[in-house]
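Q:
Residue numbers (full-length UniProt numbering), protein chains in the order written: chain A, 1 to 545; chain B, 1 to 545.
(1) Using the Cβ count rule (16 or more neighbours within 10 Å means buried), how would you classify residue 248/A?
(2) I believe residue 549/B touches residue 534/B by the beta-carbon criterion, under 8 Å. Please report the beta-carbon distance rounded to the nearest angstrom.
(3) Give me the Cβ distance between residue 239/A and residue 206/A, rounded to the nearest whole Å; I'm assuming they're in contact under 8 Å.
(4) Output needed for residue 424/A: all residues of its chain with C-beta closer than 7 Å, excluding positions within five of it in sequence on either side, in chain order.
(5) Can you tell me where the beta strand (DSSP E) with residue 356/B in it begins and where it stops?
(6) In three-state terms, what does DSSP make of residue 534/B?
(7) For residue 99/A, is the classification buried or exposed, using 16 other Cβ atoms within 10 angstroms of its Cβ as the cut-off for buried?
(8) Decide if residue 30/A is buried, meaning its Cβ has at least 16 other Cβ atoms within 10 Å, or exposed.
(9) By the criterion of Cβ-Cβ separation under 9 Å, what are the contact partners of residue 291/A in chain B?
(10) Throw me the rounded Cβ distance for the residue 471/A and residue 419/A pair, which I believe falls under 8 Å.
(11) Is there a Cβ of chain B sitting closer than 7 Å to that of residue 125/A, yes or no?
(12) Note down, in chain order, each residue of its chain lying with its Cβ closer than 8 Å to the Cβ of residue 181/B, except the 5 sequence neighbours on either side.
(13) Is there a Cβ from chain A that is less than 7 Å from the Cβ of residue 20/B?
(14) Please confirm if residue 146/B has its CB atom under 7 Å from at least one CB of chain A.
(15) At the level of alpha carbons, what is the spacing between residue 172/B and residue 190/B?
(16) Should the stretch 211-225 of chain A be regarded as contacting the stretch 128-147 of chain A, the criterion being three or more beta carbon pairs within less than 8 Å?
(17) Could you work out which residue in 503/B, 523/B, 502/B is closest to residue 512/B when comparing CA atoms only?
(18) Apart from the five residues just before and just after residue 174/A, which ones in its own chain have a Cβ nearer than 8 Å to its Cβ?
(19) Taking 8 Å as the cut-off, does the stretch 395-403 of chain B touch the stretch 433-453 of chain B (at least 3 CB pairs, one atom from each stretch)?
(20) Should residue 495/A be flagged as near chain B, meaning a C-beta pair shorter than 7 Å?
(21) For the candidate residues 332/B, 361/B, 381/B, whose alpha-carbon lies nearest to that of residue 229/B?
(22) So for residue 551/A, helix, strand or coil by DSSP?
(23) Under three-state DSSP, which class holds residue 157/A?
(24) Does DSSP classify residue 542/B as helix, strand or coil?
(25) Pull out every residue of the stretch 477-507 of chain A whose Cβ sits closer than 9 Å to any Cβ of chain B, in chain order.
(26) At 9 Å on the CB atoms, spell out the chain B contacts of residue 370/A, in chain order.
(27) Only counting runs of 3 or more residues, tell me where the beta strand (DSSP E) segments fall wholly within the stretch 71-100 of chain A, in order along the chain.
(28) Decide if residue 413/A is buried, meaning its Cβ has at least 16 other Cβ atoms within 10 Å, or exposed.
(29) Determine, using beta-carbon pairs with one atom in the stretch 297-314 of chain A and one in the stretch 380-387 of chain A, whether at least three such pairs fall under 8 Å.
(30) Given a threshold of 16 other Cβ atoms within 10 Å of its Cβ, counted over all protein chains shown, does residue 326/B qualify as buried or as exposed?
(31) Under the assumption that residue 473/A contacts residue 439/A (Cβ atoms under 8 Å), give the Cβ distance between them as a whole number of angstroms.
(32) Ordered along the chain, which non-local residues of its own chain (more than five positions away) have a Cβ less than 8 Å from that of residue 320/B?
(33) Give every residue of the same chain whose Cβ lies closer than 8 Å to the Cβ of residue 406/A, excluding the five residues on either side of it in the sequence, and list them in chain order.
(34) Along the chain, where does the alpha helix (DSSP H) that runs through residue 483/B open and close?
(35) Can you tell me whether DSSP reads residue 299/B as helix, strand or coil?
(36) Going by Cα to Cα distance, which pick from 391/A, 114/A, 458/A is closest to residue 348/A?
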């Protein structure tokens with residue numbers, strides 16, 4: 001507590017006055033804040049903590065195991081053991097009692113999904129993945145590709161007895177070119193590891209998200225992860241230059257180009273970006289990485305209403321322009337939750353209904369600070385924001401980011417969370433949170449009273465990408481709450497031409513709701529592709545489209 | 001000539017001395033240099049100038065008309081006239097003598113390709129395109145989608161009697177959101193028109209290329225155009241947020257999302273980006289446009305060798321970082337050609353084997369100039385570049401860009417040009433030009449003597465994207481020269497894991513060479529997609545894969 005207080009005092013010292021005076025610029029050579037979501041896949045912890053997780057088959061009683069899938073036999077296990085060799089490559093719950101070892105692969109960190117698999121395979125290279133899939137396809141054994149298992153929609157968790165194919169042992173950096181900035185790496189490289197490797201070479205992985213300490217870059221590509229700095233560095237559809245992947249029948253899609261421009265036929269690799277393991281397994285990635293910014297600054301503001309927040313965003317976009325690297329929205333409730341969980345004192349003295357975090361990343365600290373000053377003078381002077389602080393060193397930088405990054409963890413302390421990760425045109429973005437809160441309150445579901453299922457309805461997210469995280473924190477998951485929110489929330493988004501899944505994908509959670517964003521023709525065309533690449537339907541069944 | 005001299009004198013006045021002294025920054029609100037390639041589709045000019053263009057069927061005698069395609073009848077023409085209504089929507093060479101009117105749609109600006117079509121259709125919206133394609137598919141009438149017809153690989157020109165479906169009448173801006181920067185527009189909007197519309201709203205189309213005065217944004221998307229500033233704004237795979245397109249059977253793919261993040265199923269629109277009209281016709285585009293830079297600067301340098309040029313690029317990337325918007329390479333010969341064509345005096349006093357053009361675009365003129373100064377001091381001081389000039393006003397800005405943009409036109413004056421638009425890892429990028437020149441010289445094909453078929457072998461391009469334009473300027477197109485270059489050039493690129501087509505696509509010119517960049521599996525998978533979306537093969541036949 002005392003260190004938190006000290007920090008808070010330090011922050012207050014640099015409170016930005018109405019008549020803003022420039023202070024020294026913050027120079028960070030390696031801006032990398034600690035990851036919040038790190039997950040242990042060791043047996044003890046996982047097994048102990050998963051006891052109370054409901055099986056997905058119970059939560060979704062209408063799901064039936066596809067009878068055309070074979071069941072895993074001892075011969076299958078023997079085949080995989082012979083093929084993969086290393087003991088660590090096969091976790092065999094078929095012929096041995098390995099339930100504890102398997103459990104972490106059978107469930108998710110949100111404790112919402114739990115499968116019945118008895119076999120986990122960890123191939124080490126594309127050839128092994130190809131042989132595994134070829135065998136599974138011929139035998140009609142269903143599989144679930146799994147990276148760091150950090151998803152939010154149950155996409156990487158088996159439902160029945162699908163074999164988990166985990167990318168954890170494919171973890172080599174293959175090459176990096178310092179002139180072009182192109183990195184080629186195995187799919188199972190952890191995002192933070194890749195970024196640290198690049199940091200040593202003055203480059204940056206063009207993706208950053210809370211789960212970076214656990215998630216795999218192959219999983220990032222397979223789910224088209226967006227994260228904190230898409231605003232600045234763009235989407236994986238633009239940055240991924242090449243892919244190596246394996247189709248259901250074992251066909252190796254070798255398209256690991258390192259060229260930024262390559263117009264020779266359909267850009268097939270794009271189909272894997274965001275396909276959530278339903279047409280193949282990504283085994284290697286070639287990605288364009290920008291030079292690491294030499295200066296990074298972060299500021300935190302209190303804002304009186306949503307209209308002013310959108311004005312602040314417009315000003316940031318116009319004035320910070322090429323150095324703006326994040327514009328994050330947090331509502332007052334999320335900050336109260338972080339405060340309650342961490343015990344940290346608030347960065348600002350008063351409390352506000354909205355907060356935003358503005359980050360800049362540039363190549364010249366002095367220039368960036370001058371741009372920030374002009375921006376601060378403008379938004380403070382015009383009364384667009386009510387109060388703010390600017391980080392003065394790396395500790396403060398980390399501390400401010402914790403008020404944004406700590407939200408997920410703070411919500412976890414409350415029990416469960418219904419998470420909706422959606423895109424909505426900016427003018428209406430936060431209205432969804434208000435409307436949802438009002439709806440659930442009117443239905444008598446929200447309250448401080450322990451008997452009420454809903455603890456709070458909060459909103460935060462990547463405002464610069466029109467991406468809202470609507471979170472309904474519950475004391476326990478109940479059908480009553482779920483039915484009060486769904487499909488109401490999806491209809492609300494559909495009316496505004498938004499997307500029911502901005503960056504977290506469809507998985508199992510949103511499978512049945514795709515029609516609220518995609519029309520019938522699009523879904524039909526998608527199913528056609530699925531049938532083309534996976535005619536037996538063995539890849540990540542029961543999910544996606 | 002006198003104005004050119006004055007300009008040149010002005011340029012010399014701002015020559016950057018070894019001890020560089022900052023001068024006033026250049027502020028351009030609307031950086032837009034005149035397009036070099038504008039094409040008239042009016043009858044007279046086109047018909048007169050196309051007389052000597054060889055029919056593609058003569059140039060490619062092995063191509064046979066697909067006998068499963070129907071021939072256009074009077075009934076077909078009547079159907080289309082009834083459907084499209086407007087007289088300008090159908091150019092009918094079937095029942096009337098409209099050869100002169102049709103000719104511009106039958107041939108390309110490079111005068112390399114010429115088709116035999118007798119019918120040009122210009123539908124005005126997606127419904128009309130859908131009805132046209134549905135009819136053609138049922139009747140097995142082959143079609144060629146055509147935008148501004150500015151391509152370099154014969155992709156938009158019929159070979160036999162394929163019906164041309166031109167997007168020219170679909171030319172409306174549908175919407176623009178000033179906060180998000182998302183533009184939605186018809187496919188037939190001319191790139192420069194779109195950019196001017198955005199300029200008035202302080203935004204920028206994230207694509208710029210020489211043909212901007214004629215090319216259509218739908219064609220840009222269908223060919224995945226790269227252009228001058230991909231280095232800064234990224235590829236269309238990242239910037240296109242949504243598409244509206246029509247498949248061969250008339251199915252409307254309505255995927256015009258304006259959301260930056262939308263992870264709801266396979267990103268099907270990506271298949272259309274770079275598909276060159278072989279699976280469908282793009283009718284509408286939703287695209288993310290950045291704020292228009294408030295300051296744009298351009299500098300031009302003479303460099304003594306290629307190794308120093310790569311060092312200059314590395315320095316530009318590191319020091320100019322987020323404001324670097326173009327790094328263009330021009331070899332000495334290209335600049336001689338521009339000089340000969342325009343009569344303009346060289347920007348620099350001495351002659352150098354290499355030149356580069358460095359452009360910055362940022363939001364603060366003073367900061368940009370300071371970064372440029374530091375960069376100039378460094379590369380001049382270290383002797384990385386030998387001499388340079390920095391534009392001081394918009395006239396000089398345009399003038400410097402003309403030394404890069406004028407290359408295509410200068411080459412056109414010499415006769416024909418074999419154009420190879422390729423990606424090669426940076427260290428080897430220019431070696432291809434040297435090797436090609438040596439090869440053709442040793443074969444006795446190059447010389448000032450009019451009897452030699454090859455006038456010169458030159459190289460230029462987007463160095464920041466590892467994208468080289470190898471151009472072999474010939475007095476006439478001959479099989480002898482073609483055979484001396486191809487497939488040698490493709491094998492050379494294959495050995496270095498480059499791409500045989502960086503940004504100009506495959507079309508007819510590179511169809512048979514795809515195997516030098518894509519392996520057999522990839523080509524097989526692409527053909528599978530083509531069969532899926534266009535089972536009758538009516539979409540842009542004889543080309544692409």
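Quick reminder that beta carbons are idealized off the backbone N, C-alpha and C, glycines included.
The structure displayed is predicted, hence computed values, not measured ones.
A: Straight from the coordinates:
(1) buried
(2) Nothing in the structure corresponds to residue 549/B, since chain B is present only between 1 and 545.
(3) 5 Å
(4) 432, 466, 468, 493, 496, 498
(5) 354-362
(6) coil
(7) exposed
(8) The predicted model places residue 30/A with a pLDDT of 29, which falls under 50 and marks its position as unreliable, so this point remains unresolved.
(9) 317, 318, 321, 322
(10) 6 Å
(11) no
(12) 203, 288, 289, 290, 291
(13) Since pLDDT at residue 20/B reaches only 35, below the 50 mark, its modelled position is unreliable, and the value read off the structure follows with that caveat. No - not a single Cβ of chain A is within 7 Å of the one on residue 20/B.
(14) no
(15) 10 Å
(16) yes
(17) 523/B
(18) 184, 185, 186, 284
(19) no
(20) no
(21) 361/B
(22) Outside the modelled stretch of chain A, which goes from 1 to 545, sits residue 551/A, for which no answer is possible.
(23) coil
(24) coil
(25) 497, 498, 499, 500, 501, 502, 503, 504, 505, 506
(26) 364, 366, 367
(27) 90-92
(28) exposed
(29) yes
(30) buried
(31) Contact flag wrong, Cβ pair sits at about 15 Å.
(32) 358, 360, 371, 372, 375
(33) 36, 338, 341, 342
(34) 479-485
(35) strand
(36) 391/A
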